Amino acid sequence: MSFTDLRTYEGRVCETYKEACQLRGLLENDEHWNKALEEAAASRSPKILRNLFAIMLQTCSMSSPEQLWLNHKENLSEDILHEARIQHQNMDLDYCDIIFNRALIDIEDKIILLGGSDLKSFGLPQPNRNRDSVLPSEELTERNYDIDLLTTYIEENEPKMVQDQREAFEKITRAVFDRLGGVFFLDAPGGTGKTFLINLLLAKVRQRNEIVLAVASSGIAATLLTGGRTAHSAFRLPLNLANTETPTCNISRNSGKAKILNDCKLIVWDECTMSHKAAFEALDVTLKDIRRNRMGGVTMVLAGDFRQTLPVISRGTRADEMQACLKSSYLWNDI
Numbered sequence: 000m001s002f003t004d005l006r007t008y009e010g011r012v013c014e015t016y017k018e019a020c021q022l023r024g025l026l027e028n029d030e031h032w033n034k035a036l037e038e039a040a041a042s043r044s045p046k047i048l049r050n051l052f053a054i055m056l057q058t059c060s061m062s063s064p065e066q067l068w069l070n071h072k073e074n075l076s077e078d079i080l081h082e083a084r085i086q087h088q089n090m091d092l093d094y095c096d097i098i099f100n101r102a103l104i105d106i107e108d109k110i111i112l113l114g115g116s117d118l119k120s121f122g123l124p125q126p127n128r129n130r131d132s133v134l135p136s137e138e139l140t141e142r143n144y145d146i147d148l149l150t151t152y153i154e155e156n157e158p159k160m161v162q163d164q165r166e167a168f169e170k171i172t173r174a175v176f177d178r179l180g181g182v183f184f185l186d187a188p189g190g191t192g193k194t195f196l197i198n199l200l201l202a203k204v205r206q207r208n209e210i211v212l213a214v215a216s217s218g219i220a221a222t223l224l225t226g227g228r229t230a231h232s233a234f235r236l237p238l239n240l241a242n243t244e245t246p247t248c249n250i251s252r253n254s255g256k257a258k259i260l261n262d263c264k265l266i267v268w269d270e271c272t273m274s275h276k277a278a279f280e281a282l283d284v285t286l287k288d289i290r291r292n293r294m295g296g297v298t299m300v301l302a303g304d305f306r307q308t309l310p311v312i313s314r315g316t317r318a319d320e321m322q323a324c325l326k327s328s329y330l331w332n333d334i
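Under numbering that gives the first Met the number 0, think of the first position of the sequence shown as 0, with each following residue one higher.
Have a look at this one:
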């Protein structure tokens, strides 16, 4: 008899010896615990369900607590999701790691009250207690993407790229995933596929549950980007950049917005040629303060067309517009 024979039951080769023992009835399985949680979920609140799960973990012998959590984590955190939807006035919010993290914290607290230890000792994910006690709306928004839909979008559109788009796509994604950083500029006339490439980049990075900030210089351009916003809204830029001597973003280091800037892996700024150079310099100063590096060391993609509209300077001359242009900034040498 071989080791493979020991893992075989009625012609089926199991992945582990434990699975083979369970099929033979030599070990107690968790089916009755599954049924208990299913029945409780039908008539009890998620909070009571978390109490029950904590008691089961502390006092009962389960063969796979982690699988039980995976099977029932949505029922165990349904009220937390509802609270987040009401709090942020966004009924489109869906389950995500932040929601599940709050549920795990609650379960772990109940186990400790029962005299137990942390969830790691039960083989469950260890909750991150460094997150804000109030669900951060910025992080919920930036991470609230359907991975399956993103995967489908990438599979459908990635083959459609032409050679130049593919080269830019591969170079930028390599910089993001290898944490190389850098500032890239997509310079092409309108109608050549810049927005198509940008949305594909956004989907590729978000597919890995990473934070990406997609902004544009105008509201119309922002609507063409998935999850796009205006640069002034996203970075809280001063309204009158031209008359501000040392512009900075109105973001404090301990705010939720600062955490997003610290955690984001990619920043995309479309129609950047329309923005005053002071906007980029203000963002550079803020990212340096938060991340301690030029442009925070984050990968940034700027897209635009200098053949189109330059920054509009009230009662300014052509020379004033050129002076306000991104190419006149000290940052241009790093692009």
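Glycine included, each C-beta is placed from N, C-alpha and C at the ideal position.
Here the structure is a predicted model, which is why all the values come from computation and not from measurement.
I need the straight-line Cα distance from residue i to residue j, nearest angstrom please.
| i | j | result |
| --- | --- | --- |
| C248 | L260 | 11 Å |
| Q57 | N28 | 17 Å |
| A83 | L103 | 16 Å |
| V211 | Y144 | 11 Å |
| I79 | D333 | 44 Å |
| L330 | L301 | 12 Å |
| E138 | C59 | 36 Å |
| Q86 | S76 | 15 Å |
| A167 | A241 | 32 Å |
| S42 | A53 | 18 Å |
| L36 | A213 | 41 Å |
Run through DSSP, which three-state label would residue i get?
| i | result |
| --- | --- |
| G189 | coil |
| I210 | coil |
| V12 | strand |
| V175 | helix |
| V161 | coil |
| L92 | coil |
| M61 | coil |
| T285 | helix |
| V133 | Confidence in V133 is poor, its pLDDT being 46 and thus under 50, which makes the residue's placement unreliable; the coordinate value appears in the next sentence. In the structure shown, V133 sits in coil (DSSP, three-state: anything other than H, G, I, E or B). |
| D4 | helix |
| I106 | helix |
| F234 | helix |
| D304 | coil |
| A241 | coil |
| T298 | strand |
| R84 | helix |
| G181 | strand |
What residue from the options has the CA that sits closest to residue i's CA?
| i | options | result |
| --- | --- | --- |
| L238 | S216, T222, A167 | S216 |
| I379 | N156, P124, L113 | Not covered by the structure: residue 379. The range shown for the chain is 0 to 334. |
| L286 | E270, R252, M273 | R252 |
| N129 | G255, A318, H231 | G255 |
| D163 | L179, R142, D186, Q307 | D186 |
| H275 | V311, A302, G303 | V311 |
| K326 | S313, R306, Q86 | R306 |
| T308 | L36, D117, T272, L330 | T272 |
| D105 | M90, P45, A221, H81 | P45 |
| G227 | L200, S42, E166 | L200 |
| K159 | G181, R142, L196 | L196 |
| E270 | Q88, T229, K258 | T229 |
| N70 | A40, Q88, T243 | A40 |
| K338 | R205, F99, R101, R165 | Nothing about residue 338 can be read from this structure; the chain reaches only from 0 to 334. |
| L148 | G315, T245, A221, R207 | R207 |
| E157 | A202, L92, Q88, V267 | A202 |
Counting only the same chain and skipping the five closest in sequence on each side, list residues whose C-beta sits under 6 Å from that of residue i.
| i | result |
| --- | --- |
| E73 | Y94 |
What does a CB cutoff of less than 8 Å around residue i pick up in its chain, not counting 5 residues either side in sequence?
| i | result |
| --- | --- |
| M61 | D29, W32, M55, L67 |
| A19 | L5, R6, T7, Y8, C13 |
| Y16 | L5, R6 |
Among residues of its own chain, excluding the 5 on either side of residue i, which ones have a beta-carbon nearer than 7 Å to its beta-carbon?
| i | result |
| --- | --- |
| L223 | T194 |
| P64 | L56, F121, G122, L123 |
| N198 | L224, T225 |
| T3 | V12 |
| E107 | D117, L118, P126 |
| G180 | A174, G296, V297, T298 |
| R314 | none |
| A257 | I250, S251, I289 |
| K109 | R49, N50, A53 |
Give a single yes or no on whether residue i has its beta carbon closer than 7 Å to a heavy atom of the ligand COA.
| i | result |
| --- | --- |
| E77 | Among the ligands in the structure shown, none appear at all, so the ligand COA cannot be discussed. |
Give a yes or no on whether the minimum CB-CB distance between residue i and chain B is below 8 Å.
| i | result |
| --- | --- |
| K193 | This model lacks chain B altogether; it includes just one protein chain. |
* Would you call the region 178–193 and the region 145–156 in contact, with 3 or more CB pairs under 8 Å? -> no
* Cβ pair count under 8 Å reaching 3, the region 275–292 against the region 219–239 -> Three or more beta-carbon pairs separated by less than 8 Å link the region 275–292 to the region 219–239, which places the two stretches in contact.
* Asked: How about the region 310–323 and the region 161–175: do they share at least three Cβ pairs that are nearer than 8 Å?
  -> Put simply, the region 310–323 does not touch the region 161–175. Fewer than three CB pairs are less than 8 Å apart.
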